[in-house]
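Read the structure below first, then the notes.
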Amino acid sequence: MDVYNFPGLIMGSIILLASLYGLYRAYVFYSSLFEGFARKLAFRVMIGFVLTVGGSIGVIIDSISEEKLWFVMAVLYIISYVILMTAVLRYLRSLSSISYKPMGKMEGIPANAFIVNNKEDSIKILQLLAPKLKGVFVISRKQQSEWEKEYRVKPDRFLWLTRVERKGVQPTKLHVMLEEIVRFIKEKGGGVLVYIDSIEYLLLYNDFNTVAKFLFSLKDYIMIENSLLLLFASPSTLEEKYYKLLIREFEEITANKLLEEVALYEALPERKEFKERDKTNNHASHKSK
931 MDVYNFPGLI MGSIILLASL YGLYRAYVFY SSLFEGFARK LAFRVMIGFV
981 LTVGGSIGVI IDSISEEKLW FVMAVLYIIS YVILMTAVLR YLRSLSSISY
1031 KPMGKMEGIP ANAFIVNNKE DSIKILQLLA PKLKGVFVIS RKQQSEWEKE
1081 YRVKPDRFLW LTRVERKGVQ PTKLHVMLEE IVRFIKEKGG GVLVYIDSIE
1131 YLLLYNDFNT VAKFLFSLKD YIMIENSLLL LFASPSTLEE KYYKLLIREF
1181 EEITANKLLE EVALYEALPE RKEFKERDKT NNHASHKSK
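If you're matching positions, the sequence shown starts at 931 in the numbering used here and goes up one per residue.
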């Protein structure tokens, strides 16, 4: 085989290998994400690397044959460059909007995603943090009236998981849940709490990988929008392997540990004061009736 341009052959091969690796990595990220901006970014990066692969193949062909493919290579590389740079600039624009976003009522409370395995702890966290946040979004298998009675918290937005679609949202429609949450977060300007207490119910109608992608994508939105995600999941209701995978991504936490981390013991009322205030509010409510 005649080689008309040996340096071009070497460089084309190097670019081809690097582009194939980049394409593989972009595909891994794309397949691991459920929805949203991060998935779109990964898709654009994949397209960019596909074009770069095509351009590098053109370099190799041009180097070992008399075919002159410089025009095709130039077009592919330029389009690839534009796609990749556009994706990067969109990502940087998103980051810049995050950096200068005011903390608002979330000041002192770190944006994070937590998993709680104790119902009492999840209730206490919601009762203590809800007044400090700009909104509370709840997804539950329980109906709203039943949930509010148990948690003594009034959510701003509530999604009831049910097979009766006209009454709530079906457990298979994870994309609908994600869209509703993202819309709520944007309406509030971030600084909200999203609480989900029916992971095991979602797993009845979806495989674990699908649910995990939904939760991981949701976590990304939460972190970007300076908010909190709280999952209630008990090892007694989930398979051990699934629970272990979740706590790799979500910090396992108790009410006391969370309060210590955000230094809220002095800023928030103690449990006794909280009970007394709730009792006073209930008494005033009954009296007004």
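From the three backbone atoms N, C-alpha and C, an ideal C-beta is built for every residue, glycine too.
In this text the structure is predicted, and so the values were computed from the model without any measurement.
Listed in chain order, the beta strand (DSSP E) runs fully inside the stretch 1039–1076 are 1042–1046, 1066–1070, counting runs of at least 3 residues. By the neighbour-count definition (other C-beta atoms within 10 Å, threshold 16), residue 1004 is an exposed residue. When the beta-carbon positions are compared, residue 994 and residue 1069 stay at least 8 Å from each other.
Under the three-state reduction of DSSP, residue 1083 is assigned to coil, being neither helix nor strand.
Here DSSP, grouped into helix, strand and coil, assigns residue 1180 to coil. At the C-beta level, residue 947 and residue 981 stay beyond 8 Å of one another. Annotation note: the stretch 1105–1180 contains the following uninterrupted alpha helix (DSSP H) runs of length 4 or greater, listed N- to C-terminal: 1129–1135, 1138–1154, 1170–1179. Within a 10 Å sphere around the beta-carbon of residue 1151 sit 16 or more other beta-carbons, which makes this residue buried. When 976, 986, 958, 953 are compared, the shortest CA-CA separation from residue 939 is found for 986. Annotated three-state conformation of residue 1094 is coil, per DSSP. Contact between the stretch 1048–1058 and the stretch 1101–1108 is absent: fewer than three C-beta pairs spanning the two stretches fall below 8 Å.
For the pair residue 1123 and residue 1163, the CB atoms are not nearer than the 8 Å cut-off. Of the other Cβ atoms in all chains shown, 16 or more fall within 10 Å of the Cβ of residue 1156; this residue is therefore buried.
Counting C-beta pairs with one atom in each stretch, the stretch 1132–1148 and the stretch 1167–1185 have three or more that are closer than 8 Å, which means they touch. Burial state of residue 1081 is buried, judged by a 10 Å Cβ sphere holding 16 or more other Cβ atoms.
DSSP places residue 1006 within a helical segment (H, G or I) once states are collapsed to three. For the pair residue 1098 and residue 1108, the CB atoms are not nearer than the 8 Å cut-off.
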